[in-house]
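Numbering-wise (the numbering used here), the sequence shown opens with residue 333 and increments by one.
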Amino acid sequence: MRLFVVGAEGQVARSLREVASRSDNIVFGFGARPDLDLLRPASIAKALADFRPDLVVNPAAYTTVDKAESEPELAFALNRDGARAVAAAAADRGVPVIHLSTDYVFDGKKKEPYSETDPVGPQGVYGRSKLDGELAVAEANPKHIILRTAWVYAPFGSNFVRTMLRLTAERDRLRVVDDQSGCPTYAPDIAGAIIAIGQKWAESDWHPKYAGVTHIAGPDARTWCGFAREIVQGAVERGGRPIPVDPISTSDYPTPATRPANSCLSSERLEAVFGVRLRPLKSSLADCLDRLLRH
Ligand SMILES: NC(=O)c1ccc[n+]([C@@H]2O[C@H](COP(=O)([O-])OP(=O)(O)OC[C@H]3O[C@@H](n4cnc5c(N)ncnc54)[C@H](OP(=O)(O)O)[C@@H]3O)[C@@H](O)[C@H]2O)c1
Numbered sequence: 333m334r335l336f337v338v339g340a341e342g343q344v345a346r347s348l349r350e351v352a353s354r355s356d357n358i359v360f361g362f363g364a365r366p367d368l369d370l371l372r373p374a375s376i377a378k379a380l381a382d383f384r385p386d387l388v389v390n391p392a393a394y395t396t397v398d399k400a401e402s403e404p405e406l407a408f409a410l411n412r413d414g415a416r417a418v419a420a421a422a423a424d425r426g427v428p429v430i431h432l433s434t435d436y437v438f439d440g441k442k443k444e445p446y447s448e449t450d451p452v453g454p455q456g457v458y459g460r461s462k463l464d465g466e467l468a469v470a471e472a473n474p475k476h477i478i479l480r481t482a483w484v485y486a487p488f489g490s491n492f493v494r495t496m497l498r499l500t501a502e503r504d505r506l507r508v509v510d511d512q513s514g515c516p517t518y519a520p521d522i523a524g525a526i527i528a529i530g531q532k533w534a535e536s537d538w539h540p541k542y543a544g545v546t547h548i549a550g551p552d553a554r555t556w557c558g559f560a561r562e563i564v565q566g567a568v569e570r571g572g573r574p575i576p577v578d579p580i581s582t583s584d585y586p587t588p589a590t591r592p593a594n595s596c597l598s599s600e601r602l603e604a605v606f607g608v609r610l611r612p613l614k615s616s617l618a619d620c621l622d623r624l625l626r627h
């Protein structure tokens, strides 16, 4: 199988690069700026023509949630129009696209985990641009798998785990929002799942049941504060400094973008359709902290 990834340095793209370095039965191609730019559809078509993939994966996006509030045109240009261009370029070659989307398409008012059939209601520009991207991808390519993920972290890139570790070194106590819940999801686990999904259809060919939205999130829900406490505790177990983490409310930490109070995702469809289940937070967070703090 020849698998082409849009992006190279993002959390998910870089995790896929790590899989690529260990894989001998998949030929990977990666396209990133300046050669491949989501803002230039011709650069996407050329990259796919050059590589001739069997499957395209698109984790590239405009991901700065707060900044999107003041840059809506750019957010929509990347997350809607760029996403459509990738899906359409894949469709032109008759190949499926796996597209990454977000839990921020929901309004957060539901008390239980969200399923794929729940009504959407994005609260900010980022969520709206990603939702429009989902619709554009589905319209542009009948062979689409839209993977909605959440609270992504990795041993690299910009994420909550790395921010908390930096702050524990700089401060004597932390104050972290305790009234927003979500499912922390480890980028290397997303990469592993994407490969498993790709291999499944490669073995049995495309099946219409694959098409549509599928949630892919870690199985354990946390508040940001609960997640922060686990990160601090994990750091302490690896020789770090114990510091208190105080719960605060969203109103104590105002941000330009409104975030859903609950964006936990149920990943039952992922298991039912693709036979994939992500491992518990305890295991993936330990892996991440080992990689970050091993020295
Ligand atoms: N991070 C989260 O917590 C989270 C939560 C839910 C859903 N998601 C979704 O999951 C996906 C992967 O997220 P992530 O955390 O891996 O993202 P990330 O680390 O922020 O990486 C974003 C990627 O997009 C690429 N990109 C940005 N503008 C581009 C352009 N004009 N042309 C080509 N590539 C461009 C970047 O390329 P460069 O390396 O060149 O900068 C980078 O590789 C995204 O679709 C995101 O919306 C993320």
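C-beta atoms are modelled at their ideal positions from N, C-alpha and C, and glycine is treated no differently.
### Query
So what does residue 363 bridge to, in DSSP terms?
Paired residue(s): 338.
### Query
Candidates 594, 343, 483: which alpha carbon is nearest residue 511's?
Among 594, 343, 483, the Cα nearest to that of residue 511 belongs to 594.
### Task
Ignore the nearest five residues each way along the sequence and tell me which others in residue 391's own chain have a CB closer than 6 Å to its CB.
Excluding sequence neighbours, residue 391 sits near 339, 342, 344, 345, 432.
#### Entry: Same chain, Cβ closer than 8 Å to residue 411, neighbours up to 5 away in sequence not counted
Spatial neighbours of residue 411 in its own chain (CB-CB distance under 8 Å, excluding positions within 5 residues in sequence) are listed in chain order as 393, 394, 458, 461, 462, 464, 465.
### Query
Who are the Cβ neighbours of residue 434 in its own chain at under 8 Å, not counting the five residues just before and after it?
Once the five neighbours on either side are set aside, the close Cβ partners of residue 434 are 458, 459, 462, 480, 481, 482.
#### Entry: Three CB pairs or more closer than 8 Å across the region 488–507 and the region 573–590
The answer is yes - the region 573–590 touches the region 488–507, with three or more Cβ pairs under 8 Å.
### Query
residue 515: which of 493, 549, 485, 383 sits nearest, CA to CA?
Checking every option, the nearest Cα to that of residue 515 belongs to 549.
### Query
For the 8 Å Cβ check, are there 3 or more pairs between the region 561–574 and the region 415–430?
Touching, no.
### Message
Does residue 521 pass the burial test, meaning 16 or more other C-beta atoms within 10 Å, or should it be called exposed?
### Response
Taking all protein chains shown into account, residue 521 has 16 or more neighbouring C-beta atoms within 10 Å of its C-beta and is therefore buried.
#### Entry: Residue range of the beta strand (DSSP E) that includes residue 398
Under the DSSP assignment, residue 398 falls outside any beta strand (DSSP E); it carries neither an H nor an E label.
### Task
Might you give, ordered along the chain, the residues of its own chain that have their beta carbon closer than 8 Å to the beta carbon of residue 402, omitting 5 neighbours on each side?
In its chain, beyond the 5 residues on either side, 588 have a beta carbon closer than 8 Å to the beta carbon of residue 402.
#### Entry: Beta-carbon gap between residue 518 and residue 470 smaller than 8 Å
In this structure, residue 470 does not lie closer than 8 Å to residue 518 by Cβ.
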